[in-house]
Amino acid sequence: RVFTDFYLNSRPNYVRALLFSIIGMWTACDLAAETPTVLSGTITHVRDGDTFEVGGIPVRLAALDCPENKTAAGKSVTAYAKQFVGLHAECELTGAMSYERVVGYCTIDGVDYGAIMIRDTSCKLWKKFDVFKRYEVKQ
């Protein structure tokens, strides 16, 4: 017990790493079964236009490319995204990880978040990372 307490207290990222490992294994199992993993919960924090936290778990929005926070455009996009804090999100995870964030396509109260941000802000579609082809132009 003393060792465990010491280890956990001296390794603040240990719990986060364990959580991401569990999510990664869970995602891998689900993807193998061709059933997408869904992360569902309340948006607790907005980091920027293409990253928010659902129940404290950081989610990088797939296929969305928003300006960085260090720019005026990025600050504007982040301010816009903050209106969604406290709302319910459902994120279909792709199985990828990006800088300790799970990657997924999210809806907020049933409306596609990426589509909202592309329509209402300076965020753009990043076709290369549209792995589920959600935003393909139908011809």
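Residues in the sequence shown are numbered consecutively from 23, following the numbering used here.
Glycine residues also receive a C-beta, built at the ideal position from the N, C-alpha and C atoms.
Which word fits residue i, buried or exposed, when buried means at least 16 other C-beta atoms lie within 10 angstroms of its C-beta?
| i | result |
| --- | --- |
| Phe25 | Unreliable positioning characterises Phe25 in this predicted model, as indicated by a pLDDT of 36, which lies under 50. The coordinate reading is nonetheless provided below. Exposed, since its Cβ has fewer than 16 Cβ neighbours within 10 Å. |
| Leu109 | exposed |
| Thr64 | exposed |
| Asp131 | exposed |
| Tyr121 | exposed |
| Thr93 | exposed |
Check residue i in the structure and name its three-state DSSP category.
| i | result |
| --- | --- |
| Lys155 | coil |
| Val99 | helix |
| Tyr121 | coil |
| Asp142 | helix |
| Ala85 | coil |
| Gly63 | strand |
| Gly136 | helix |
For residue i and residue j, I'd like the C-alpha separation in whole angstroms.
| i | j | result |
| --- | --- | --- |
| Arg156 | Gly136 | 10 Å |
| Gln105 | Lys150 | 28 Å |
| Cys88 | Ala118 | 19 Å |
| Ile138 | Gly71 | 11 Å |
| Asn91 | Pro58 | 30 Å |
| Thr129 | Ser144 | 19 Å |
| Val167 | Ala103 | An answer regarding residue 167 cannot be provided, because it is not within the stretch 23 to 161 covered by the chain. |
| Tyr127 | Ala95 | 23 Å |
| Lys169 | Val99 | Only positions 23 to 161 of the chain appear in the structure, and residue 169 is not among them; the question remains open. |
| Trp148 | Glu158 | 11 Å |
| Thr73 | Val107 | 12 Å |
To the nearest whole angstrom, what separates the beta carbons of residue i and residue j, a pair I think is in contact under 8 Å?
| i | j | result |
| --- | --- | --- |
| Val79 | Val124 | Strictly speaking, residue 79 in this sequence is Ile, with Val absent from that position. Right, their Cβ atoms sit about 7 Å apart. |
Cβ pair count under 8 Å reaching 3, the segment 69-86 against the segment 111-119: A contact exists between the segment 69-86 and the segment 111-119.
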